[in-house]
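Take a look at the structure below.
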Amino acid sequence: MNFRYQITDDVSSILNGTVGIDVTITDPALPGSPADLKGLSGDIGYAMDFQTGEMVLAQKAHVSLSLKDLAAAGLGVPVGVAEETGKPWLVAYAEPDQAVANYEVKSSMVDRSAGIVNCQLGEYGS
Amino acid sequence: MAAKIEQLIDKLDSYEVIGAKIASILEEEQANQQALAVTAGKPDSTLWKLRVLRERENPTSAFQGQAPIADTSPIVHVNFESADSMLQGSTFTLSQKDKGFWHIDCYGYAISKPDGAGHKAGDKLAALEAQRAVRLVRNILMHPSYQQLDLVGVVMTRFPEGPHDEYGKRQFQPTNSDGQPVSNVIGIRFTLGVTYNEFPVENIPVNLEELFLTVQDETGSKTLAEIHITSP
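Residue numbers (our numbering), protein chains in the order written: chain C, 1 to 126; chain Z, 127 to 358.
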């Protein structure tokens, strides 16, 4: 097998093994069809403004998903949606010490060499 | 060498008083604004609410935690930046004329939420929150009633301006350690430049033992008054 394809398969296997957590993702093009995938999450609670040097505390969450799994679920690649006329990509997951939280995808960085997309998340209210 | 200052330095410097005064003015006026909003029949008086903090390392800690956060009203953080004495207008023995700068950082918080078929973007809402907070701060501190920040005799003038050619009002987007913008929180820095007097500790006055004063007319022939002052 081509090495690139092997890497993509391996990423999917790793996330669907014991490493990934349950992530529900909704493509705004398919609003009634959320997909349940496995992903890697992170939530950092420290921020610095480099212009003023002031510390600003806020949460900054992210989730990494397999491009292979997204395609298999019939979804596109998550991106940030600036226009307010439509819905953004929605992600829901729970950290071990918290209830399920709802997020929107603010921006994403795709690495097709590894078959993975890292989504920067912002909290999404009800 | 023996110490020459005989009295305890037990007073606040003017710049300390000014920092505290800016914070207390904002605190009192935002509470009054909320009361005025209620009187005026505004549907949401909390739109005039500001949470005022002073000289804190992490003023935005209240924005931490999983949504929904109970209180999302803007946070205003007053902190002293710098001050410098001006030779013109100062004396070497009495008061110095100083120019100081206080940063009044206004933080707005919001998250995205659904809005019919679309959504309201949290980053935009956070920016609007911060701008509303700066609107209140500027209107309060630049009101004619606070021309001398209620410190007549200490403060000469105040004006929105920054030191070292900085802007008087500047929006900033905090980022995390990876350089990614923190989208829930936007800050706007409002800088107030204040010209004021700094006073030294007063020397202990020397009592005159006795003083005779005679007031005469211009011819010197008629005594108009005599004053005799003795020490107690």
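Ideal Cβ placement from N, Cα and C applies to all residues, glycine included.
Everything numeric in this text was worked out from a predicted model, so none of it was measured.
Within chain C, the residues that residue 295(Z) reaches when beta carbons sit closer than 8 angstroms: Residues of chain C whose Cβ lies closer than 8 angstroms to the Cβ of residue 295(Z) do not exist; the shortest such Cβ separation is about 13 angstroms.
Endpoints, the beta strand (DSSP E) within which residue 106(C) is located: Unbroken beta strand (DSSP E) run through residue 106(C): 101-111.
Option nearest residue 63(C) by Cα separation, candidates 73(C), 90(C), 91(C) and 41(C): Checked all of 73(C), 90(C), 91(C) and 41(C); the closest Cα to residue 63(C) is 41(C).
Short Cβ contact (8 angstroms threshold) for residue 23(C) with residue 77(C): A distance of 8 angstroms or more separates the beta carbons of residue 23(C) and residue 77(C).
Residue 200(Z) versus 276(Z), 261(Z), 162(Z) and 328(Z), residue with shortest Cα-Cα distance: The candidate whose alpha carbon is nearest that of residue 200(Z) is 261(Z).
Under 9 angstroms from the C-beta of residue 244(Z): neighbouring residues of chain C: Within 9 angstroms Cβ-Cβ: 83, 84, 85, 86 and 87.
Same chain only: Cβ atoms within 6 angstroms of residue 325(Z), ignoring 5 sequence neighbours per side: Counting only residues of its own chain and dropping the five nearest sequence neighbours on each side, residue 325(Z) has a CB closer than 6 angstroms to the CB of 221.
Cβ-Cβ separation, residue 252(Z) to residue 312(Z) (assumed contact under 8 angstroms), whole Å: Confirmed, about 4 angstroms.
Stretch pair the region 174-187 of chain Z + the region 281-295 of chain Z: three plus CB contacts closer than 8 angstroms: Taking 8 angstroms as the limit for Cβ pairs, the verdict is that the region 281-295 of chain Z does not touch the region 174-187 of chain Z.
Contact set between the region 134-157 of chain Z and chain C, restricted to residues whose Cβ is under 9 angstroms from the partner: Listed in sequence order: no entries.
Counted within 10 angstroms of its Cβ, other Cβ atoms place residue 133(Z) as buried (16 or more) or exposed: Exposed, since its Cβ has fewer than 16 Cβ neighbours within 10 Å.
Check whether residue 284(Z) and residue 296(Z) have beta carbons under 8 angstroms apart: Between residue 284(Z) and residue 296(Z), the CB-CB gap reaches or exceeds 8 angstroms.
First and last residue of the uninterrupted beta strand (DSSP E) at residue 231(Z): Residues 222-235.
Residue 39(C) at chain Z interface by Cβ criterion, 8 angstroms: Under the Cβ distance rule, residue 39(C) does not count among the residues neighbouring chain Z, no pair being separated by less than 8 angstroms.
Beta-bridge partners of residue 23(C), as assigned by DSSP: Among the bridge pairs identified by DSSP, residue 23(C) is matched with 37(C).
Contact under 8 angstroms by Cβ, residue 115(C) with residue 7(C): In contact: residue 115(C) and residue 7(C) (Cβ atoms closer than 8 angstroms).
Cutoff 6 angstroms; reference residue 226(Z); Cβ partners in own chain excluding five residues on either side: Answer for residue 226(Z): 141, 209 and 320, listed in chain order.
Option in 122(C), 90(C) and 86(C) with minimal Cα separation from residue 36(C): The shortest C-alpha to C-alpha distance from residue 36(C) to any of 122(C), 90(C) and 86(C) is the one to 90(C).
9 angstroms Cβ cut-off: residues of chain C touching residue 239(Z): Near residue 239(Z) (Cβ distances below 9 angstroms), the residues of chain C are 124, 125 and 126.
Below-8 angstroms beta-carbon distance, residue 194(Z) vs any chain C residue: Using a CB distance cut-off of 8 angstroms, residue 194(Z) counts as an interface residue toward chain C.
Beta carbon of residue 84(C) nearer than 8 angstroms to that of residue 239(Z): Cβ atoms of residue 84(C) and residue 239(Z): not closer than 8 angstroms.
For residue 160(Z), the three-state DSSP class (helix, strand or coil): In the structure shown, residue 160(Z) sits in a helix (DSSP, three-state: H, G or I).
Straight-line Cα distance separating residue 266(Z) from residue 151(Z): Straight-line Cα distance between these residues: approximately 8 angstroms.
Residue interval of the alpha helix (DSSP H) (run including residue 209(Z)): If you look at residue 209(Z), you'll find it isn't in any alpha helix (DSSP H); it sits in the beta strand (DSSP E) that goes 201-212.
Cβ-based burial, residue 17(C) [other Cβ within 10 Å; buried from 16]: In summary, residue 17(C) is exposed, with fewer than 16 beta-carbon neighbours lying within 10 Å of its beta-carbon over all protein chains present.
Rounded Cβ spacing between residue 277(Z) and residue 130(Z) (contact assumed at less than 8 angstroms): In fact, because the Cβ distance is near 30 angstroms, the residues do not count as touching under 8 angstroms.
Backbone CA spacing between residue 103(C) and residue 87(C) [nearest angstrom]: One C-alpha to the other measures close to 12 angstroms.
Residue 6(C), enclosing beta strand (DSSP E) - first and last residue: For residue 6(C), there is no enclosing beta strand (DSSP E); the residue is found in the alpha helix (DSSP H) stretching over 3-14.
Proximal chain C residues relative to residue 248(Z), where beta-carbon distance stays under 9 angstroms: Chain C residues near residue 248(Z): 104, 106, 122, 123, 124 and 125.
Counted within 10 angstroms of its Cβ, other Cβ atoms place residue 310(Z) as buried (16 or more) or exposed: In summary, residue 310(Z) is buried, with 16 or more beta-carbon neighbours lying within 10 Å of its beta-carbon over all protein chains present.
Whole-Å CB distance - residue 125(C) paired with residue 194(Z), under 8 angstroms assumed: The distance from the Cβ of residue 125(C) to that of residue 194(Z) is about 7 angstroms, consistent with a contact at the 8 angstroms cut-off.
Collapsed DSSP secondary structure at residue 272(Z) in the structure displayed: Secondary structure at residue 272(Z): helix, using DSSP grouped into helix, strand and coil.
Coarse secondary structure for residue 296(Z), derived from DSSP in three states: Residue state, collapsed to three classes: strand.
Coil, strand or helix - residue 257(Z) by DSSP: Looking at residue 257(Z) - three-state DSSP - the assignment turns out to be helix.
Cβ distance (whole Å) where residue 294(Z) is taken to contact residue 206(Z) below 8 angstroms: 16 angstroms between Cβ atoms; not a contact.
Span separating the alpha-carbon of residue 101(C) from that of residue 212(Z): If you take the alpha carbons of residue 101(C) and residue 212(Z), they lie about 55 angstroms apart.
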